[in-house]
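Here is the structure we will look at.
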Amino acid sequence: MTAGSQTPYLLGLLSERDATRYLTTPVLQGVERMPRLALDKACTPLDDESRWEAGPVRELIDEAMERFDGEKTTQADAWLAPRLHAMMRMNRREAADSRRWNFLALRLAPDYVLWRNSPKATKRNPVPQVNRAHFVGPYHKQTFSRLWWAAELFRNGPDYGPVEVACGNQESFNTVLRLEIIYHQATAQTMIKLMQEGAVRKGRPLNGLAKAINSAGSTLLFDVLAPDPPWDGRAHDMWVKDAASAFVQYDALPEGPDDGSVTDRDVDALLPLFRELFATADIRGEKPAESE
Amino acid sequence: MSRNRLFPYPVLGDVCTMQVSEVRLDGVPLTVDMASDRNKMVALHHTERQGWEVARLAVRVHAPLSDLEAGPWQDVTCVAILSERRTNARTVTRLRREPDGSWAGAVLLERSRHLKRADLSAHLVATVEGVQGRMIGATQASWTVDLQASSADQPNTVEIVVVDFADVAYPHLNGYKTDPWMVDATGDEPTVYLNSRFDGLTKLLDSGERAARENLSAQIAADAWTALFNAAVYATDMSEEGRPEWPEGWRGSVMQKLLPDIFPELSPEDGLLELVSRRVDGEGGGELQSALMHAVTRQAAVPRRLGGFIRATNRKEGS
Chain A
1 MTAGSQTPYL LGLLSERDAT RYLTTPVLQG VERMPRLALD KACTPLDDES
51 RWEAGPVREL IDEAMERFDG EKTTQADAWL APRLHAMMRM NRREAADSRR
101 WNFLALRLAP DYVLWRNSPK ATKRNPVPQV NRAHFVGPYH KQTFSRLWWA
151 AELFRNGPDY GPVEVACGNQ ESFNTVLRLE IIYHQATAQT MIKLMQEGAV
201 RKGRPLNGLA KAINSAGSTL LFDVLAPDPP WDGRAHDMWV KDAASAFVQY
251 DALPEGPDDG SVTDRDVDAL LPLFRELFAT ADIRGEKPAE SE
Chain B
1 MSRNRLFPYP VLGDVCTMQV SEVRLDGVPL TVDMASDRNK MVALHHTERQ
51 GWEVARLAVR VHAPLSDLEA GPWQDVTCVA ILSERRTNAR TVTRLRREPD
101 GSWAGAVLLE RSRHLKRADL SAHLVATVEG VQGRMIGATQ ASWTVDLQAS
151 SADQPNTVEI VVVDFADVAY PHLNGYKTDP WMVDATGDEP TVYLNSRFDG
201 LTKLLDSGER AARENLSAQI AADAWTALFN AAVYATDMSE EGRPEWPEGW
251 RGSVMQKLLP DIFPELSPED GLLELVSRRV DGEGGGELQS ALMHAVTRQA
301 AVPRRLGGFI RATNRKEGS
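From first to last, the protein sequence lines stand for chains A and B.
Using the UniProt record's numbering, read the first sequence as starting at 1 and increasing by one per residue.
Using the UniProt record's numbering, read the second sequence as starting at 1 and increasing by one per residue.
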């Protein structure tokens, strides 16, 4: 499937109310197509700015499906997240508008949603279908918003390297992204460090680590141990304005906004504590260390 | 000072108070009605300054000094935390100690990182028993910074829109043009639409006889509760551990509010589990609707009726 002439010129907004109307069971089962003309009437196009051009986003999504065809589709996340973020340049206020993500899932690339989340049968629905929340749902579940937010919350300033690490583990989306610990940049980067070191490579250890940090965070303010830099709004604005001239490469990692990053020193301030939390964390399906 | 299960060290507790003494939008001070100590609310919507970039809130925090001095805490500092779940944004501002023992500082709210309502609270942090960064106290009540409200005197809330249901600008209402009201439980914010073409409806609600007025708003409130609850049920999901998860935002608030009346014998968590497993099994739907009607009637019958409904759905996000 290619971009072709069915791709609109600009990205748009689609309300949850309208989106829900078109998410019928046959659509979720992948046996019927989304009614494109009716959808077009319900969508509001965004302003004519190069960052909202739909063509490049559609091509990026096509590339992801091509690159990871025949492999586990979850592997596409680490490749697509930083590139989608670098292409759809916006601030958090704009990204919090879920209508943007509804548009991507229903109008721009419903085929990607079905490809990435293959339909599953449940007790209630013996005919396999995709979970509705992958089309219209909370930021950490919806197919595209979860990628953008993972990139936004795991990047270290302009460096998308940590995003690749995080998105290689599905627990980053399922658990970490929805906990408030992720709002603290140094906490996020220290978790990345532990993931890179190899101790926290699989899903269950990451789930255990995140929950241990989260519960320690109810009595400890990590910000006092490692204060985050103030957000540099101007640098972020410049990066957004740069969208017209920036070209997102498929092979090399793009560059994010230089709006504040944490240093090795901040990570080192938290690392001993996090190691200790991980050592005593309750990890599902694993016996406590002593009894092994 | 107390020691409990949650805090394995002595804490002061949620005994601090916070005032917001001044608010500036891009350097220009806002009028007094934009901040209300009583409602713990700051309103940032200013029709003449739509394009503002930064709001600066001057805050002051008081803690009971004698208790603080008597306790075993060292390096006590105070921070203000501004956060909004919807935009996943959080700003931590360290406040400075004033000669009178209070803490003061300026909290900056960047408009491009916030959308609707941000939560502002203060926390006391200290070194306790050799452990740095321990939270020992917090504000009793946090403030709400509302980017869309134009006055802090009337906390606004579930949107109530009076509109002609035949108006082509509202295509989703056109199908209901003979109905008196419609509850829209989709999206980030629920909306109650009142049909202006329905004879006498708005007049009755504004200036009708008291009993009739209250009866009508109780009916609308009951409808709204039912619609919101049912929408929230669809938003619940199971975690991988097989535990149900509270839905986000208003959906979670609505559930927290109604579940105790629906399953009075269960804790809210167990009530949620019961609800989700019944939905998955496809059993007990009829009985659930009866219990829901009971819960909704109770909610709608509270004295302030629609007012109570409005406030309850306006709980802080994520809480």
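Glycine included, every Cβ here is placed at the ideal spot set by N, Cα and C.
Being a predicted model, the structure only gives us computed values, none of them experimental.
Start and end residues, alpha helix (DSSP H) containing residue i
i, result
"Arg56 (chain B)", "Unbroken run through Arg56 (chain B) is the beta strand (DSSP E), 54 to 62; no alpha helix (DSSP H)."
"Tyr234 (chain B)", "210 to 235"
"Trp101 (chain A)", "98 to 103"
"Ser277 (chain B)", "268 to 281"
"Gly168 (chain A)", "Neither: Gly168 (chain A) is in no alpha helix (DSSP H) and is coded neither H nor E."
"Gly55 (chain A)", "54 to 67"
"Ser215 (chain A)", "203 to 216"
"Met191 (chain A)", "185 to 197"
"Asn91 (chain A)", "Looking at the DSSP string, Asn91 (chain A) is not in any alpha helix (DSSP H), and its letter there is neither H nor E."
"Phe222 (chain A)", "222 to 225"
"Asp77 (chain A)", "76 to 87"
Residue environment, residue i, which counts as buried when at least 16 other CB atoms sit within 10 Å
i, result
"Arg146 (chain A)", "buried"
"Pro162 (chain A)", "buried"
"Met238 (chain B)", "exposed"
"Thr47 (chain B)", "exposed"
"Val267 (chain A)", "buried"
"Gly200 (chain B)", "exposed"
"Thr122 (chain A)", "exposed"
"Glu69 (chain B)", "exposed"
"Tyr9 (chain A)", "exposed"
"Pro99 (chain B)", "exposed"
"Asn174 (chain B)", "exposed"
"Ala289 (chain A)", "Low confidence applies to Ala289 (chain A): its pLDDT is 48, below 50, so where it sits in the model is not reliable, and the reading given next is rough at best. Flag for Ala289 (chain A) reads exposed."
"Leu14 (chain A)", "buried"
"Phe247 (chain A)", "exposed"
"Leu65 (chain B)", "exposed"
"Ala212 (chain B)", "exposed"
"Tyr250 (chain A)", "exposed"
Bounding residues of the beta strand (DSSP E) (the contiguous stretch that carries residue i)
i, result
"Gln256 (chain B)", "Per DSSP, Gln256 (chain B) belongs to no beta strand (DSSP E); it is in the alpha helix (DSSP H), 249 to 262."
"Gln132 (chain B)", "131 to 139"
"Gln74 (chain B)", "74 to 84"
"Thr91 (chain B)", "89 to 94"
Which residues DSSP lists as bridging residue i, in chain order
i, result
"Val42 (chain B)", "B:Ala35, B:Val145"
"residue 371 (chain B)", "Lying outside 1 to 319, the shown extent of chain B, residue 371 (chain B) is not represented and no answer is given."
"Ala126 (chain B)", "B:Arg134"
"Thr191 (chain B)", "B:Glu159, B:Asp184"
"Asn156 (chain A)", "A:Asp159"
"Lys120 (chain A)", "A:Gln129"
"Pro244 (chain B)", "B:Met238"
"Pro29 (chain B)", "B:Arg24"
"residue 302 (chain A)", "Residue 302 (chain A) is absent from the model: chain A starts at 1 and stops at 292."
"Gly71 (chain B)", "Bridge partners of Gly71 (chain B): none, in fact."
"Glu32 (chain A)", "According to DSSP, which records beta bridges pairwise, Glu32 (chain A) is partnered with nothing at all."
"Glu110 (chain B)", "B:Val54"
"Arg117 (chain B)", "B:Asp146"
"Leu13 (chain A)", "A:Thr44"
Identity of the residue in the options nearest residue i by Cα
i, options, result
"residue 335 (chain B)", "B:Leu147, B:Thr127, B:Gln299, B:Glu98", "Outside the displayed span of chain B (1 to 319) sits residue 335 (chain B), for which this structure offers no information."
"Leu292 (chain B)", "B:Thr226, B:Glu53, B:Val59, B:Glu274", "B:Thr226"
"Asp164 (chain B)", "B:Arg197, B:Glu189, B:Ala185", "B:Arg197"
"Ala188 (chain A)", "A:Glu164, A:Glu63, A:Arg155", "A:Arg155"
"Arg134 (chain B)", "B:His123, B:Leu108, B:Gln299, B:Pro244", "B:His123"
"Lys72 (chain A)", "A:Trp101, A:Trp115, A:Arg89, A:Val57", "A:Trp115"
"Leu277 (chain A)", "A:Trp239, A:Asp232, A:Met191", "A:Met191"
"Gln129 (chain A)", "A:Ala38, A:Cys43, A:Asp268, A:Glu32", "A:Glu32"
"Ile220 (chain B)", "B:Asp184, B:Gly13, B:Glu209, B:Trp246", "B:Asp184"
"Arg275 (chain A)", "A:Leu194, A:Phe135, A:Arg51", "A:Leu194"
"Trp246 (chain B)", "B:Ile262, B:Asp261, B:Pro268, B:Tyr170", "B:Pro268"
"Pro254 (chain A)", "A:Ala86, A:Gly260, A:Ile181", "A:Ala86"
"Ser83 (chain B)", "A:Pro56, A:Leu108, A:Arg93, A:Ala81", "A:Arg93"
"Phe222 (chain A)", "B:Val131, B:Met18, B:Lys116", "B:Val131"
"Gly252 (chain B)", "B:Pro190, B:Leu204, B:Thr297, B:Leu205", "B:Pro190"
Any non-hydrogen atom of the ligand ADP within 7 Å of residue i CB
i, result
"Pro126 (chain A)", "Ligands in the displayed structure: none, and consequently the ligand ADP is not present."
Cutoff 8 Å: residue i Cβ touching any chain D Cβ
i, result
"Leu221 (chain A)", "The chain inventory of the structure shown lacks chain D, comprising the protein chains A and B."
What residues in the segment 163 to 187 of chain B bring their beta carbon closer than 7 Å to a beta carbon of chain A? If the cut-off is 7 Å between Cβ atoms, the segment 163 to 187 of chain B has His172, Asp184, Thr186, Gly187 near chain A.
For the segment 104 to 121 of chain B, enumerate the residues whose C-beta is nearer than 9 Å to any C-beta of chain A, in chain order. Of all residues in the segment 104 to 121 of chain B, Leu108, Glu110, Arg111, Ser112, Arg113, His114, Leu115, Lys116 have a Cβ within less than 9 Å of some Cβ in chain A.
Anything in the segment 122 to 139 of chain B with a Cβ closer than 7 Å to a Cβ of chain A? List those residues in chain order, please. Per Cβ criterion, the list reads His123, Val125, Gln132, Gly133, Arg134, Met135.
Give, in chain order, every residue of the segment 89 to 102 of chain B whose Cβ lies closer than 9 Å to some Cβ of chain A. For the segment 89 to 102 of chain B, which is checked against every Cβ of chain A, the residues closer than 9 Å are Ala89, Arg90, Thr91, Val92, Arg94.
Members of the segment 155 to 181 of chain A that neighbour chain B once the beta carbon cut-off is set at 8 Å: Within the segment 155 to 181 of chain A, the residues whose Cβ lies closer than 8 Å to some Cβ of chain B are Asn174, Glu180, listed in chain order.
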